[in-house]
Every structure is written in C-alpha cells, then in structure tokens.
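Per UniProt numbering, the very first residue in the sequence shown carries number 1; after that it's consecutive. Encoded as structure tokens, the structure appears first; notes follow it.
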Amino acid sequence: MQFPDNDLFDEATAWTVPGTGGTLLVGTANEETVRHGLSIPHRGFFEAGTTRCDDIDFGLRAAVRAGGLVLSLTTASAWKLDLTQLVTDAVIKRFGPLDEIRRHEIELCLSESLTNALLHGNMEMDSAPRNSLSGLLRYLDQIEERLHDASVAAKRVDLMITPSTSGRLRIAVRDRGPGFDAEYYLDRPLVTEAKHGRGLPLIRQLAGSVAARDAGRTLVMRFSRAG
C-alpha cells in the first residue's frame, strides 16, 4: 500500500483509508501533528515509515470503519510524547464528556498500558533492575540504549478506540514485542506497595473489563462513560 508522496512527510497529509470513508493524518510524529490527526474531521494519526509504504492493517481499518480513533507510532516517537493527555483530550472532544472519576481511571489505564507496551513489549525491558537507585539508573541507561537501536525504535505501538451503541468505550493497545502471559499478571492481586508489577492488576481493577489478545501483545480494555 503506497501512501501519498509529500517530501518524506516533513509535516503530514490527510489520507483516506480504503473501504472506510475515514481519513488519517499521515506524516512525521510530533505533538502538533498527532493532536491534529486525533481531531475532527480525521480519524487518527499514522506515523509514516521511512519507506512511505507501511500498511494500515485490518485492526486499524476496523476501528476507523466503526467510527473510532486510531494512533500508530514508532516506539521512539511514542516514548517522547505525552500520549495519555493527547488521547484523553481527543476522546472527550470526539465522544463527549467523561465524569471526573472515569477520566482519571482512563488516564491511568492508558498510561499503564502504553508504558507496558513500550517498555516490556517493544523494548523487551525487565522490571527487576528498578529495585534500587543504582538499578533504576542502569534501567534508564538501558532504555536510552534500546531507543538508539534502530530496529527497536522503529517498532510500532498502536492504539484503537471505538465507541459502542451502549455508550461504552473499547480501548486496545498493541505492541510488536515477543508477547507474554498477560493473564497471569491480570489474575494477580494489586499490591500497592510493590515496586513493580502493579500495572496490569491496576488496569483490571479500574477498567470495566480487560482481556489480553495475540499472546499478550494486545490489551483490550472497556469502560463505561460514568464512574
């Protein structure tokens, strides 16, 4: 699938996703272009690859066709942006207001799921080194090393948000990592004092429902609009 040519996507261009009638903004990812892509009349933002011909896959198309929002970024870009705020603001503008409790819960779940997708999925980072200050510093150095690895930095993270007729929101976060046994972590109790491993139990507690797909590479969360 060939995207339109616009000087290596120095900015961004609107592109109609075949079979959906919806447009995505395609181009270089920064706060302005992502916010624009998530705003009406577009249905999301897709960061252009270096070959200009990355495919919009079935999952992203289906979300656009269902009237939802999508976001597809490289790990390098996603790590630099405050996606939680950008996405939550876009959800409210697109689908209507959320009460204060539900907004806070969605923000927490977005933050945890995106962090898990980037760190543990695409970067394949372990949590154990963060048990001490020296471990945390090594961990931060390892993140920088991963981000300087072109093959890791180019891995995508996808976000798909679709509304239901009952007013619920379905939010799916997908990474390109090796996968893991997400159900094991979802079944664990939430231990607030734990130094790591709280993300999935917290999501399970806050979301109306949560399930893992594709060997743990995709996390699907559902929320009602009121807390």
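Even for Gly, the Cβ is constructed at its ideal location relative to N, Cα and C. The structure presented is a predicted model; accordingly, all values stated were derived computationally and were not measured.
Taking one beta carbon from each stretch, the stretch 199-214 and the stretch 154-164 have fewer than 3 pairs nearer than 8 Å; the two do not touch. E183 carries a helical assignment under DSSP once its states are collapsed to helix, strand and coil. Here P41 carries a coil assignment [DSSP, helix/strand/coil].
A48 sits in coil when the DSSP states are folded into three classes, being neither helix nor strand.
Distances from the CA of G216 to each of V152, G96, A182 and R35 were compared; the closest alpha carbon is that of A182.
Contact check for L147 against A76 passes: the beta carbons are separated by less than 7 Å. Going by DSSP, D158 is part of the beta strand (DSSP E) stretching over R156 to P163. Between T28 and A48 a beta carbon distance of about 7 Å is seen, short of the 8 Å cut, so the two are scored as contacting. Annotation for S72: the continuous beta strand (DSSP E) segment containing it runs L69 to T74. By the beta-carbon neighbour count (other beta carbons within 10 angstroms, threshold 16), F58 is exposed. Pairing F95 with L71 gives a Cβ-Cβ distance that is not under 7 Å. DSSP, read as helix, strand or coil, puts V220 in strand. Cβ-Cβ distances below 8 Å link T23 to A14, W15, T16, V17, P41, H42 and R43 in the same chain, with the five nearest sequence neighbours on each side left out; the list follows chain order. A contact between stretches requires three or more CB pairs, one per stretch, nearer than 8 Å, and the stretch 173-182 fails this requirement with the stretch 85-94.
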